[in-house]
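Just below is one structure, and these are the notes that go with it.
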Amino acid sequence: MIWRIQPRAACAALLLFCSVLPLHAQTYPDRPVKIIVPTVAAGTVDLVTRIMANDLGTILGKQFFIENRSGAGNTLGSRDVAHSDPDGYTLLMSSASGQVISPLIYKDPGYDPLKSFAPIAPYAEGSVILVVNPSLPFHSVADLVAYAKANPGKLSYGSAGTGTVPHLTAELFKSAAGVAMVHVPYRGGALSIQDVIAGNLQLTFEASSPLLPHIAGGQLRALAVLSTKRIAELPDVPTIGEAGYPGVLAASWTGLFAPAGTDGAIVQKLNAAINASLRTEATRQALARLGNVAKGGTPADLTDLMTADIKKWTPIVQALHLEPQ
4 MIWRIQPRAA CAALLLFCSV LPLHAQTYPD RPVKIIVPTV AAGTVDLVTR
54 IMANDLGTIL GKQFFIENRS GAGNTLGSRD VAHSDPDGYT LLMSSASGQV
104 ISPLIYKDPG YDPLKSFAPI APYAEGSVIL VVNPSLPFHS VADLVAYAKA
154 NPGKLSYGSA GTGTVPHLTA ELFKSAAGVA MVHVPYRGGA LSIQDVIAGN
204 LQLTFEASSP LLPHIAGGQL RALAVLSTKR IAELPDVPTI GEAGYPGVLA
254 ASWTGLFAPA GTDGAIVQKL NAAINASLRT EATRQALARL GNVAKGGTPA
304 DLTDLMTADI KKWTPIVQAL HLEPQ
């Protein structure tokens, strides 16, 4: 269920802001706007984008609709947006997977994460959780590691694709724990989650939003959250640091981008609308139900977020010698 925001306060602030924009930006958008999500439907990026698209449509008065283009570690959709007309009518909602990690792994993803896009705003952030099929005798990270060491290569983990945060996080965990597990990449996190539930895979590392309903329903068992603090939605689940691996940390952020060359006034208008929506309680609650917290901020804040992640993940990718699968 997508919750609509109460538009009065958000729209009042935005109208004041828009009155100082150039005329062409004041009339934007005058037709529906497409947001490309480079993952399959029902994954984290897709779910939070639906909240944002609903809010932007309410505030700006035109439909914002989603088109899922998954594959190649989130790079397919990102590449398509990078080569789209920079008119503000084709946008990209992405994450560290497509905008940071995959460009480090794929020799030619078809875009430069910092040069090919005009950042608009950070949107939300959620925790990454290690989950297993509940039929397995693993009730802690220690149980999982003990079995993996005794049975090298017999555990398989799914990911949203080679070069995604779940994939790289799992490789980081394998290195830290000294275990061997088989990677099974999918075209999106929702598909790998389904196979863990079905018992075709044993585990996955995924963002909290698509996992929480399955954890609550007993279809998945959470062993650890990969953050420095326990999360409110799972107060009894330890952090990965409490489980003995404090260096295995990951978060799933999302941000909105336009093709490079998009008019700065349009970027400003979209940024103002996003920040207005994130200040509403309804939107914050909708994100919280997905295990996410509102971020918001400036285009420069999104660039800084990407730059910090590039610095974080580059040595890990190089040390693990990761290649596309």
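Mapping the sequence shown onto this note's numbering, position 252 (from 1) lands on 255, and the numbers just tick up by one. For every residue, glycine included, the Cβ atom is placed at its ideal position computed from N, Cα and C. Here the structure is a predicted model, which is why all the values come from computation and not from measurement.
Of the listed residues the options, nearest to residue i (C-alpha basis)
| i | options | result |
| --- | --- | --- |
| S162 | F141, E209 and A151 | E209 |
| V40 | D33, G299 and R53 | R53 |
| N154 | M184, A227 and G129 | M184 |
| V103 | G258, A285 and T286 | G258 |
| S212 | A275, M309, N295 and G202 | N295 |
| T42 | L63, V36, N77 and G60 | N77 |
| S105 | K157, G64, P169 and Y150 | P169 |
| S195 | L223, L229 and A179 | L223 |
| S81 | V48, E284, N274 and Y160 | V48 |
| G247 | A261, G181 and G300 | G181 |
| A227 | G192, A75, L204 and A173 | A173 |
| I243 | V320, L94 and K177 | K177 |
| T231 | S130, I108, P112 and D33 | S130 |
| V84 | Y109, F67, G60 and I38 | I38 |
| Q205 | K152, T167, A193 and L139 | L139 |
| A303 | P327, R292 and F260 | F260 |
| P249 | Y109, A179 and L79 | A179 |
| L214 | L293, A151, R287 and A279 | L293 |
| L305 | Y160, A291, F68 and W256 | W256 |
| A322 | L107, L79 and M96 | L107 |
| R3 | D88, Y109, K65 and S97 | Here the chain comprises residues numbered 4 to 328, so residue 3 is not present and cannot be evaluated. |
Counterpart residues of residue i in DSSP-defined beta bridges
| i | result |
| --- | --- |
| H324 | In DSSP, H324 forms no bridge with anything. |
| Y160 | H186 and L206 |
| G129 | S255 and N295 |
| M96 | L259 |
| A225 | V134 |
| A124 | L259 |
Cβ-Cβ separation, residue j to residue i (assumed contact under 8 Å), whole Å
| i | j | result |
| --- | --- | --- |
| Y126 | I277 | 7 Å |
| V165 | P188 | Note on identity: in this sequence residue 165 is Thr, with Val being the wrong assignment. The Cβ separation is near 5 Å, so the contact holds. |
| A191 | G46 | Checking the sequence, you will find Gly at residue 191 rather than Ala. About 5 Å; that satisfies the 8 Å criterion. |
| E128 | K298 | 5 Å |
| N274 | A124 | 5 Å |
| L175 | V251 | 5 Å |
Residue i, enclosing alpha helix (DSSP H) - first and last residue
| i | result |
| --- | --- |
| R233 | Per DSSP, R233 belongs to no alpha helix (DSSP H) and is neither H nor E. |
| M55 | T47 to L63 |
| I104 | No alpha helix (DSSP H) contains I104, which DSSP labels as neither H nor E. |
| R82 | T78 to A85 |
| K118 | Where K118 is concerned, there is no enclosing alpha helix (DSSP H), given that its DSSP letter is neither H nor E. |
| E198 | For clarity, residue 198 is Asp in the given sequence; the question names Glu instead. Unbroken alpha helix (DSSP H) run through D198: G192 to A201. |
| N278 | G267 to L281 |
| F176 | V168 to A180 |
| H217 | S211 to A219 |
Residue range of the unbroken beta strand (DSSP E) whose run includes residue i
| i | result |
| --- | --- |
| E245 | Note, E245: premise wrong, no beta strand (DSSP E); not H, not E. |
| K37 | V36 to V40 |
| F68 | F67 to N71 |
Closer than 6 Å: residue i CB and nearest the ligand NAD heavy atom
| i | result |
| --- | --- |
| I108 | The model on display carries no ligand, and the ligand NAD is accordingly not part of it. |
Could you tell me whether the segment 233 to 248 touches the segment 258 to 265, where touching means 3 or more Cβ pairs closer than 8 Å? no
Quick check: the segment 121 to 135 against the segment 213 to 225, are at least 3 beta-carbon pairs closer than 8 Å? yes
Decide if the segment 191 to 210 is in contact with the segment 112 to 120; the criterion is three or more beta carbon pairs, one per stretch, under 8 Å apart. no
Between the segment 137 to 148 and the segment 56 to 67, can you find at least three pairs of beta-carbon atoms closer than 8 Å? no
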